[in-house]
Amino acid sequence: MNALQHINKYFYKYRYRLLFGILITICAKIFALFTPRLIGKSVTVISKRLNDEITHEAFKNDLSLNIIYLIVAALIAGLFTFLMRQTIINVSRHIEYDLKNEVYKQYQNLSLSFYKSNRTGDLMNRISEDVGKVRMYTGPAIMYTINMITLFIVALIYMLNIAPTLTLYVMLPLPILSVIIYKLSTVINKRSTIVQQYLSHLSTYTQESFSGISVIKSYGIEEENINAFNSLSNESKQKQINLTKVQALFFPSMILLIGISNILVAYVGGMQYINGEIKDIGTIAEFLIYVNMLTWPVATVGWVTNLVQQAEASQKRINEFLKQEPDIKNNNNTPSIINGNVDFKNVSFAYPDTNIQALNKVSFSIKKGETLAILGKTGSGKSTILDLIGRLYDVQEGVIEIDGKQIDQIHLNSLRNSIGYVPQDAFLFSDSIKNNIMFGKEDATENEVIKAAKNADVHKNIIAFTNGYDTKLGERGITLSGGQKQRISIARAIIKSPEILLFDDCLSAVDTETEEKILKNLRQVSKGKTTIIVSHRISSAKDADKIIVLEDGKITQSGSHETLVNTDGYYKELYNKQLSQKEI
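This is the structure we're talking about:
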């Protein structure tokens, strides 16, 4: 139960509702236990009438009164039972809501390296399946446990008062039940953990298959993919069956033990009645009802234990992520004002998951309002510079300064809110085009959205759609072309008018004519702002104030376009190559 201690703070939060639910549960069980008492009295009355021990008039009065009491007790017990479920189950839903928000918030706080080492399907499974298992513990498991304990205590008091010896015989099977539960609960816990792990694998595989369906179809490997899915499904099914086999031992055991208790009541109670130890025949009937009333609570012991074990396994998986500390921490709680001066001083960086050296002693400076272009071969470290400016990673060596202050001492949200970032792989949400652009500025007006789209040269494409800016996009913007996705991403970045603009090869999917239009617009938009453009094209870099060339994480060339084009090296070679291709 150590993992489930994390939920205690939510129990405390909703303590008054839970206490009210417990009080209602006790009341419901007390009124429910009037039934066997009244039925026992009724049987006794009938027996006395058959033996002519009471008059017909007294028989009718006593029986009628008992029936009325039965109806009233049943109605009150039913009302309290309804209120009990409404109270305790609603609390479990509130806890589920709070826990999902806590997990989601933690997902948002965790660093980029976390997402590189964990699969999306597993993350989804923990916030859905695992949280759902925990909810069953905070609701039904607690409700039925309170129900069972209350019923046992109240029923036991009644039974001991009526026939102590018979009560002891009826309770004989309970120690056997406790041993069975103890033995099976450990096995259930282990197998529940395995089942949840396989569900995560299944969710991950399914999510990746759906996301990469175009690749699967283009390679014609649907059959192989289906076979792999079937294999994983069968493994998951077998683990579920293994768990169910253990769970299946509970209910037959419960029924057997309850059956033994019924036999004991009939035999021992009958013998005591014959011997005169029990005065009323109705006592035996009353005890039989008590035993059968206890059947469901006793049977739920196994089910509740199963729920608790599954919740323990699921909460343990959730805690693994909740206890992880983000690599990137906000070291300054005071919001900062960002102007846009950027300095790299002997910065070296290696990715923690691969240990690949991305940057090696890189130094450069950009002043507010200047534009820096970064060129280089694939894997030279261009995108890494942008990631470090956005503080998606922290440097291992050297210093990055923003406005003369070390980047890790700047308020993290202030830093990121001051950046407009267009990634190399444009990501769009499954929402309208308008909302995707407004993601950069949630309170943007319609005119601002259209202006941003025009500056990104995508306005004409958008209005050509049937629903215009209200057009709903497929997952990851799959309904758009690569160039359209890139341009909407650019519109999303510039609409917020940030102090720092980062463009990571975001014009690779557009033609040179469209590129020229966008660059012309961006020169106007980026006036007075710090702009960094990563590109493979000279056309995107030639108008920058400064240009650097990276190779194997080192700066091999730096200067203006005029300087570099007249200097032997990568930049000149790339310029001549692209110039000759343009002429062709």
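Take the sequence shown: its position 289, counted from the start at 1, is 289 in UniProt numbering, and no numbers get skipped.
Think of the CB as a built atom: it goes at the ideal place given N, C-alpha and C, for glycine as much as any other residue.
Residues of its chain near residue i, where Cβ-Cβ distance is below 8 Å and the 5 sequence neighbours each way are ignored
i	result
I7	I95, L99, V134, Y137, T138 and Q315
H411	N330, N332, N333, T334, P335 and S336
E448	K441 and I495
Cβ shell of residue i (< 6 Å), same chain only, five flanking positions each side left out
i	result
K554	N360
L112	L392
I584	Because I584 carries a pLDDT of 40, less than 50, the predicted location of this residue cannot be relied on, and the following value inherits that uncertainty. Cβ within range, chain order: n/a, list empty.
L307	M136, Y137 and A141
S363	F344, K345 and N346
residue 615	With the chain represented from 1 up to 584, any question about residue 615 goes unanswered, as that position is not in the structure.
I188	V246, N306 and Q309
F80	I24, C27 and A28
Nearest-angstrom Cα separation, counted from residue j out to residue i
i	j	result
D387	G132	36 Å
G398	G381	16 Å
N66	K41	8 Å
T514	I488	13 Å
I194	V549	50 Å
K546	M124	44 Å
N333	T479	41 Å
N227	Q240	20 Å
R17	A358	55 Å
T354	I22	54 Å
I490	R523	13 Å
E320	M293	41 Å
Q5	Q309	13 Å
D552	G559	19 Å
N435	K105	22 Å
V265	L166	7 Å
R416	G390	6 Å
K572	I385	23 Å
E223	F229	10 Å
I68	A285	19 Å
T556	S414	33 Å
Y10	T145	18 Å
L564	K472	45 Å
Y14	T87	11 Å
Burial state of residue i (16 or more Cβ within 10 Å)
i	result
T150	buried
G440	buried
S430	exposed
S526	buried
M438	buried
A248	exposed
L168	exposed
N101	exposed
G121	buried
S200	buried
G376	buried
G404	exposed
L172	exposed
F82	exposed
V215	exposed
Best match in the options for proximity to residue i [C-alpha to C-alpha]
i	options	result
K233	K496, Y198 and L264	As written in the sequence, residue 233 is Ser, which differs from the Lys given in the question. The candidate whose alpha carbon is nearest that of S233 is Y198.
L256	I180, Q557 and T25	I180
D408	E102, I385, A266 and I328	I328
I578	Q240, E286, I89 and I538	The question names Ile, yet the displayed sequence has Gln at residue 578. Among Q240, E286, I89 and I538, the Cα nearest to that of Q578 belongs to I538.
Q486	L428, K529 and A541	L428
residue 604	Y571, G483 and D353	Any property of residue 604 remains undetermined from this structure, which presents the chain solely from 1 to 584.
G282	T531, M159 and D353	M159
S128	A141, Y144, N109 and Y97	Y97
I142	L243, L19 and N61	L19
I366	A544, T512, Y273 and L307	A544
E356	E516, G379 and E370	A small fix is needed here, since residue 356 is Ile in this sequence, not Glu. The candidate whose alpha carbon is nearest that of I356 is G379.
P326	E442, N109, N147 and G21	N109
R119	R191, L202 and I188	L202
V170	F287, S64, V246 and K279	F287
A311	S432, S231 and S92	S92
P164	E222, S231, N90 and Q272	Q272
I258	S47, K237, S236 and V291	V291
Contacting residues, own chain, Cβ-Cβ under 7 Å from residue i (five flanking each side not counted)
i	result
S383	Q424, D504 and V534
T445	none
A350	I356, Q357, A358 and Q396
A453	I437, H459, I462 and A491
Cβ of residue i within 8 Å of any chain B Cβ
i	result
I127	The chain inventory of the structure shown lacks chain B, comprising one protein chain alone.
If you pair each beta-carbon of the segment 72-85 with each one of the segment 32-47, do three or more pairs fall below 8 Å? Judged by Cβ distances under 8 Å, the segment 72-85 makes contact with the segment 32-47, as three or more pairs qualify.
Is the segment 419-439 touching the segment 486-506 in the sense that three or more CB pairs, one from each, lie closer than 8 Å? As far as the Cβ criterion goes, the segment 486-506 touches the segment 419-439, which means the pair count is three or higher.
So, does the segment 17-29 touch the segment 73-92, judging by three or more C-beta pairs under 8 Å? Flag = yes, the segment 17-29 and the segment 73-92 touch.
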